[in-house]
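Number of protein chains: 2
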Amino acid sequence: MKRIGLLGCGSIGTQIAIAIDTGIIPAKLTHIFDEDKEKSVSLASKLKNKPEIVENVHLLSSNPVDLVVEAASQDAVSDNALSILQNRKDLVIMSSGALLDESVFEIISDACKELKKTVYLPSGAISGIDAIKSVKNELDSVVLTTTKHPNSLKGAKFFDDFKINLDEINEPSTIFEGTASEAVRLFPKNINVSALLSISGLGSHETIVKIIADPNTTKNTHEITARGKFGQITTKIENVPDSDNPRTSRLAILSAIETIRSICTSDIKIGT
Amino acid sequence: MKRIGLLGCGSIGTQIAIAIDTGIIPAKLTHIFDEDKEKSVSLASKLKNKPEIVENVHLLSSNPVDLVVEAASQDAVSDNALSILQNRKDLVIMSSGALLDESVFEIISDACKELKKTVYLPSGAISGIDAIKSVKNELDSVVLTTTKHPNSLKGAKFFDDFKINLDEINEPSTIFEGTASEAVRLFPKNINVSALLSISGLGSHETIVKIIADPNTTKNTHEITARGKFGQITTKIENVPDSDNPRTSRLAILSAIETIRSICTSDIKIGT
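First to last, the sequence lines map onto chains A and B. Here UniProt numbering is used: position 68 in the first sequence is 68, and no number is missing along the way. Here UniProt numbering is used: position 132 in the second sequence is 132, and no number is missing along the way.
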């Protein structure tokens with residue numbers, strides 16, 4: 001049974017830990033760490049099988065774990081991914097936005113090849129990454145259209161320069177259209193979806209992102225259209241926000257759990 | 001570098017072999033087999049790095065290969081999957097329809113667990129299996145709508161009992177709606193798509209399949225709608241038929257190549 005070290009004990013980390021503790025993921029959670037020790041203590045208190053709370057992130061991967069799961073932050077990835085791989089651990093990355101930095105991507109990819117370790121990026125809150133990565137070399141265009149309630153967009157850096165009053169929007173309105181690279185800079189809450197789609201397809205400078213504010217929706221909707229010699233792929237996911245953490249889609253958590261379950265199981269693996 | 005044995009040297013097997021031979025898949029094709037030896041000889045003649053042509057299917061997995069790739073038939077899966085796993089080889093299955101037989105599925109799944117080997121099922125000609133398998137336990141309904149030119153449906157068993165003249169269809173017409181289990185029996189050419197979707201989600205008795213004959217289309221279109229507590233997933237793929245084998249969608253071949261490439265690489269693995 002694989003031993004897992006968890007980096008990040010917030011809402012997502014907690015749900016992953018509970019999936020391990022309840023046997024949905026057939027593994028053993030042996031070590032956990034969070035910058036905020038109270039979060040680690042709080043998480044441990046919720047689990048039947050108590051993991052060891054370690055004092056720093058390096059102790060996660062220097063201990064005899066098989067897999068480290070990051071559910072912390074982009075900085076946690078940039079700062080620690082290489083050292084985790086050098087400690088000969090596989091790694092699941094939830095904060096896939098970190099890999100939009102090409103130098104970070106290259107360092108991690110090279111380390112995987114050299115050290116024969118694997119980094120896993122769950123599909124997150126979108127669907128169809130299985131098909132898009134398969135046709136990567138034949139793609140002509142990839143467009144992501146994200147639709148959210150105006151309240152979910154509040155506070156984005158975009159509004160520092162563009163004086164749109166979100167409270168006055170009374171019908172679905174396109175408020176941004178540009179590259180994934182720009183979208184990530186201006187709408188940090190959309191980072192992981194844009195990042196994962198960019199990495200699996202045309203990269204962040206060729207992937208187009210549209211953001212629509214819709215005062216009538218309660219869901220976070222991501223629609224992807226990809227075209228090329230193979231034909232056309234359209235996928236749309238209307239995500240119900242997670243009840244514990246409305247900023248996260250339920251699918252993002254479920255896809256992380258499925259990714260880790262699959263890593264920890266010898267069985268029939270479905271899908272590309 | 002992983003050593004691959006190929007079971008089936010038809011159109012799909014040939015394209016996989018060429019992907020290995022040209023380095024798209026970083027592996028070594030060491031042994032090949034086909035019931036029709038001429039196909040093996042013809043395939044070998046197209047490759048720079050000549051594999052050994054073996055005389056029976058058992059020699060594929062008794063030789064020192066790491067992975068067997070099946071691109072032959074459902075019977076080839078039912079007859080040989082267990083023995084391949086018992087020979088301690090991982091296995092990629094293209095003819096996923098074989099796994100709709102619950103006893104076959106169970107034997108293969110149990111063998112994977114017991115022998116610590118893995119069977120891989122590429123997503124094939126559909127998209128979004130990454131999301132659907134993630135929400136498997138929260139699904140209320142899954143519907144697959146396949147749209148094809150009437151000519152692509154000719155010869156299906158369905159028409160033995162239902163006297164529809166496909167040549168007289170002059171607008172998009174729903175000609176079948178039922179369970180995936182029934183669809184597979186009546187429309188054998190749709191087997192792998194219906195099978196893979198069933199296995200990843202609600203099973204073949206709960207997955208609904210609609211088949212539409214559209215005289216105006218040149219593509220094979222598969223649309224999936226899945227609903228549940230998580231929200232709703234819709235994916236649509238308009239597949240251009242493969243130029244070498246019009247009965248196969250280009251995506252089906254590309255997703256097989258991507259699956260095998262990923263198995264043979266230590267790198268960043270994108271998607272659930």
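Cβ atoms here follow ideal geometry from the backbone N, Cα and C, with glycine treated the same way.
The beta carbon of residue 251/B is closer than 7 Å to those of 125, 237 and 239 in its chain, skipping five residues each way along the sequence. In this chain, the beta strand (DSSP E) harbouring residue 141/B covers 139-148. By alpha-carbon distance to residue 69/A, the top candidate from 271/A, 270/A, 258/A and 249/A is 258/A.
Using a CB distance cut-off of 7 Å, residue 15/B does not count as an interface residue toward chain A. Every unbroken stretch of the alpha helix (DSSP H) spanning 4 or more residues and falling wholly within the segment 20-52 of chain A is given here in chain order: 37-45. Linking residue 106/B to residue 119/B through their CA atoms gives a straight-line distance of about 12 Å.
Using a Cβ-Cβ cut-off of 8 Å, residue 255/B is close to 130, 131, 134 and 272 of chain A, given in chain order.
The continuous beta strand (DSSP E) containing residue 173/A extends over residues 173-179. Annotation for residue 59/A: the continuous alpha helix (DSSP H) segment containing it runs 57-62. Contact with chain B is absent for residue 228/A, since none of that chain's Cβ atoms lies less than 7 Å from the residue's Cβ. Interface with chain B (7 Å Cβ-Cβ cutoff): residue 238/A is included. Across the structure, residue 191/A and residue 168/B are spaced so that their CA atoms are roughly 51 Å apart. Only buried fits residue 248/B, as 16 or more other CB atoms lie within 10 angstroms of its CB.
Residues of the segment 98-110 of chain B with a C-beta less than 7 Å from any C-beta of chain A: 108 and 109, listed in chain order.
Counting only Cβ-Cβ distances below 7 Å, residue 258/B has contacts in chain A at 133, 134 and 272, in chain order. Close CB contacts of residue 164/B within its chain, under the 7 Å cut and outside five residues either way in sequence, are with 175 (chain order). With its beta carbon less than 7 Å from one in chain A, residue 200/B belongs to the interface. In this structure residue 53/A does not touch residue 81/A by the C-beta definition: roughly 22 Å separates them, more than the 8 Å allowed. Counting only residues of its own chain and dropping the five nearest sequence neighbours on each side, residue 193/B has a CB closer than 8 Å to the CB of 124, 125, 126, 144, 146 and 222. The C-alpha of residue 130/A lies about 32 Å from the C-alpha of residue 59/B. Here residue 87/B is buried, its C-beta having at least 16 other C-beta atoms within 10 Å. Scanning chain B for C-beta atoms nearer than 9 Å to the C-beta of residue 207/A yields nothing, as the closest lies near 14 Å away. Beta-bridge analysis with DSSP links residue 223/A to 145/A and 236/A. Residue 67/A is not a Cβ neighbour of residue 36/A, given a cutoff of 7 Å. Those residues of the segment 46-76 of chain B placed with their C-beta closer than 9 Å to a C-beta in chain A do not exist. Contact between the segment 193-210 of chain A and the segment 177-185 of chain A is present: 3 or more CB-CB pairs across the two stretches fall below 8 Å. Looking at the DSSP output, residue 121/B bridges to 270/A. The beta carbon of residue 234/A is closer than 6 Å to those of 225 in its chain, skipping five residues each way along the sequence.
Within the same chain, 269 come within 7 Å of residue 262/B by CB-CB distance, once the 5 residues on both sides are set aside.
Along the segment 182-212 of chain A, the beta strand (DSSP E) does not occur as any fully enclosed run of 3 or more residues. Looking at the backbone, the Cα of residue 217/B and that of residue 149/B are separated by about 6 Å. Take residue 62/A, set aside five residues on each side of it, and the residues of its chain with a beta-carbon closer than 8 Å to its own are 87, in chain order. When the beta-carbon positions are compared, residue 25/A and residue 19/A come within less than 7 Å of each other.
DSSP, read as helix, strand or coil, puts residue 90/A in strand. Residue pairing by DSSP puts residue 68/B in a beta bridge opposite 5/B and 91/B.
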